[in-house]
Amino acid sequence: MVDITIPVGKGKITVSRGVVKLLMTGKYLTIRTVVSQSPCTDGMCQRIIEPEVGIENPTDDPDLRIFAGDGIFLGIDQNVFSSVDKGREEVVVKKSISGKLIAQGLDFTS
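Read in order, the letters of the sequence shown correspond to residues 17 to 126 in the working numbering.
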């Protein structure tokens, strides 16, 4: 197995070989935006925006844009697409040491 790179707008998302092995069962790799409030107590708090990476069964989710490459499917929401496209980002999806899926190189641009 090798890493698979999928063009997304003007950027690209590379799926590492460890994650590709998990996707051989016909599931989709999804990257969604999760927004939470920062822990500060004043009224000037900024929102914390993080990617949530998962493996899901294919569904008709109107919020996801589907991309395909070399036999795998990638579903991303509009915020992730805009960030990768505008920032010309090169995102790498891989497993962390603990086994959790992470997206490195994803900086949410406005």
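Ideal Cβ positions, reconstructed from N, Cα and C, are used throughout, including at glycine.
Outcome for Pro67 when other beta-carbon atoms lying within 10 angstroms are tallied against a minimum of 16:
Your numbering for residue 67 matches position 51 in the sequence shown. Result: buried.
Can you tell which of Tyr44, Arg63, Arg48 and Ile47 has its C-alpha closest to the C-alpha of Ser54?
Numbered from its first residue, the sequence shown carries residue 54 at position 38. When each option's Cα is compared against that of Ser54, the closest is Arg63.
Return helix, strand or coil for Phe83, following the three-state DSSP convention.
Stepping through the sequence shown from its first residue, residue 83 is reached at position 67. Phe83 carries a strand assignment under DSSP once its states are collapsed to helix, strand and coil.
Which residues in the same chain have their Cβ closer than 7 Å to the Cβ of Gly34, if we skip the five residues on either side of it in sequence?
If you number the sequence shown from 1, residue 34 lands on position 18. Lys110 and Lys111, listed in sequence order.
Write down every uninterrupted run of the beta strand (DSSP E) in the stretch 25-61 whose length is 3 residues or greater and which is fully enclosed by it, in chain order.
Scanning the stretch 25-61 from its first residue to its last, the whole beta strand (DSSP E) runs of 3-plus residues come out as 27-31 and 44-53.
Could you check what DSSP says for Val96 in three-state terms: helix, strand or coil?
Sequence index remark: in the sequence shown, residue 96 carries index 80 (1-based). Under the three-state reduction of DSSP output, Val96 falls in the helix class.
May I have the straight-line CA-CA distance separating Ile82 from Ser114, to the nearest angstrom?
What you label residue 82 is simply residue 66 of the sequence shown in a count that begins at 1. What you label residue 114 is simply residue 98 of the sequence shown in a count that begins at 1. Inter-residue distance for Ile82 and Ser114 is about 28 Å (C-alpha atoms, whole angstroms).
Reducing DSSP to helix, strand and coil, say where Gly103 ends up.
Numbered from its first residue, the sequence shown carries residue 103 at position 87. DSSP places Gly103 in the helix class (H, G or I) of the three-state scheme.
When you compare the CB positions of Leu80 and Gly87, do they come within less than 7 Å of one another, or not?
Within the sequence shown, numbered from 1, the residue matching residue 80 stands at position 64. Within the sequence shown, numbered from 1, the residue matching residue 87 stands at position 71. No. Outside cutoff.
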